[in-house]
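Numbering (this note's numbering), first residue to last: 8 to 301.
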């Protein structure tokens, strides 16, 4: 069973996204090359000690704990696949433990700062590109969707009657996210303005470039980084920061954790619980500022 067979399985049976499959491909090719050059063995002959050597090499190369953990996760999936296909008897990953990753709180932008940005006409001149840019920020912060989900949005995914947006998440799992009146009005205005541009866009993609082609990841990153730099000095300014901001704002205003999980499209509650740490830190800060005994 080859690496390509495994990747085909991920794509067609597990329904992983092209981006995820490419990440698996990169990890496996790197591992295969290391095994071939260092030990002159095929992937089916790998043992625990070989994987340990691979980990040591990654650490010496300065690869972060997070990246090493991801690569080991790729190898676990691959060897589990080989065991299931009876290519090997047991996985060399059984005794392998990933390096401990220091806990990091999700980076977010305070919603009051975002209000200053989005409620002001100072940063937006009314042109098509500025209307689109503002809507990108509003949509990411107003729905908490991922970058890939934003890029896959079609005009038909917006339901103005029910004030919702249909989002296609990881592994093609759909969810419906409610939108507020302000975001709904901005979506209407943007779609009308976009229609007036007479773009030759046949895909029906919601977000497009200034020339009408489908929006792409680098464009969205540039938009988010540009506008967040007006209101924030923090280093990290990405679409995912707005997803974190959405979740943190909901939690701080009393939203149920299970409801946030559904809105974000998380597979498990554990992924959502990380936001509770931000809220605890906020409570501590308020306590220190307000309580006479703090």
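Quick reminder that beta carbons are idealized off the backbone N, C-alpha and C, glycines included.
Please read these numbers as outputs of a predicted model, since none were measured by experiment.
- Bridge-paired residues (DSSP) for residue 259: Taking the first residue of the chain shown as 1, we reach residue 259 at position 252. Under the DSSP definition of a beta bridge, residue 259 lacks any partner.
- Query: For residue 174, which of helix, strand or coil comes out of DSSP?
  - Reply: Counted from its first residue, the chain shown places residue 174 at position 167. Of the three classes helix, strand and coil, the one that applies to residue 174 here is strand, per DSSP.
- residue 35 to residue 81 span [Cα, whole Å]: Translated into the one-based positions of the chain shown, residue 35 becomes position 28. Translated into the one-based positions of the chain shown, residue 81 becomes position 74. When rounded, the distance between both Cα atoms is 7 Å.
- Query: How would you call residue 31, buried or exposed, if buried means at least 16 neighbouring beta carbons within 10 angstroms?
  - Reply: By one-based count along the chain shown, residue 31 stands at place 24. Burial call: buried.
- Classify residue 104 as buried or exposed, calling it buried when 16 or more other Cβ atoms lie within 10 Å of its own Cβ. Taking the first residue of the chain shown as 1, we reach residue 104 at position 97. With fewer than 16 Cβ atoms within 10 Å of its Cβ, residue 104 is classed as exposed.
- Tell me whether residue 140 sits in a helix, a strand or coil according to DSSP, three-state version. By one-based count along the chain shown, residue 140 stands at place 133. The answer is helix: DSSP assigns residue 140 an H, G or I state.
- Item | Given residue 29 as reference, the closest of 42, 247, 15 and 20 once Cα atoms are compared | Along the chain shown, one-based indexing puts residue 29 at 22. Minimum Cα distance to residue 29 is reached at 15.
- Item | Distance CB(residue 186)-CB(residue 240) smaller than 8 Å | Along the chain shown, one-based indexing puts residue 186 at 179. Along the chain shown, one-based indexing puts residue 240 at 233. Residue 186 places its beta carbon 8 Å or farther from that of residue 240.
- Message: For residue 157 and residue 131, I'd like the C-alpha separation in whole angstroms.
- Response: Against the chain shown, residue 157 aligns to sequence position 150. Against the chain shown, residue 131 aligns to sequence position 124. Approximately 21 Å between the Cα atoms of the pair.
- Message: Please list the terminal residues of the continuous beta strand (DSSP E) segment that includes residue 182.
- Response: Translated into the one-based positions of the chain shown, residue 182 becomes position 175. Residue 182 -> beta strand (DSSP E) spans 181 to 185.
- Task: Tell me whether residue 208 sits in a helix, a strand or coil according to DSSP, three-state version.
- Result: By one-based count along the chain shown, residue 208 stands at place 201. In the displayed model, residue 208 falls within coil according to three-state DSSP, outside both helix and strand.
- Message: Can you find the residues in the same chain that come closer than 8 Å, C-beta to C-beta, to residue 95, ignoring five residues on each side of it along the sequence?
- Response: Working through the chain shown from its first residue, we reach residue 95 at position 88. A distance below 8 Å between beta-carbons, with the five flanking residues on each side excluded, links residue 95 to the following residues of its chain, in chain order: 51, 86 and 89.
- Item | Among 270, 13 and 265, nearest to residue 276 - alpha-carbon criterion | Along the chain shown, one-based indexing puts residue 276 at 269. Minimum Cα distance to residue 276 is reached at 265.
- Would you report the Cα separation of residue 254 and residue 54, rounded to the nearest angstrom? The count along the chain shown starts at 1 and reaches residue 254 at position 247. The count along the chain shown starts at 1 and reaches residue 54 at position 47. Cα to Cα, residue 254 sits roughly 42 Å from residue 54.
- Query: Who are the near neighbours of residue 152 in its chain, counting only those whose CB is closer than 6 Å to its CB and skipping five residues on each side?
  - Reply: Working through the chain shown from its first residue, we reach residue 152 at position 145. Its chain contains 174 as the residues whose beta carbon lies nearer than 6 Å to that of residue 152, once the 5 sequence neighbours on both sides are disregarded; these appear in chain order.
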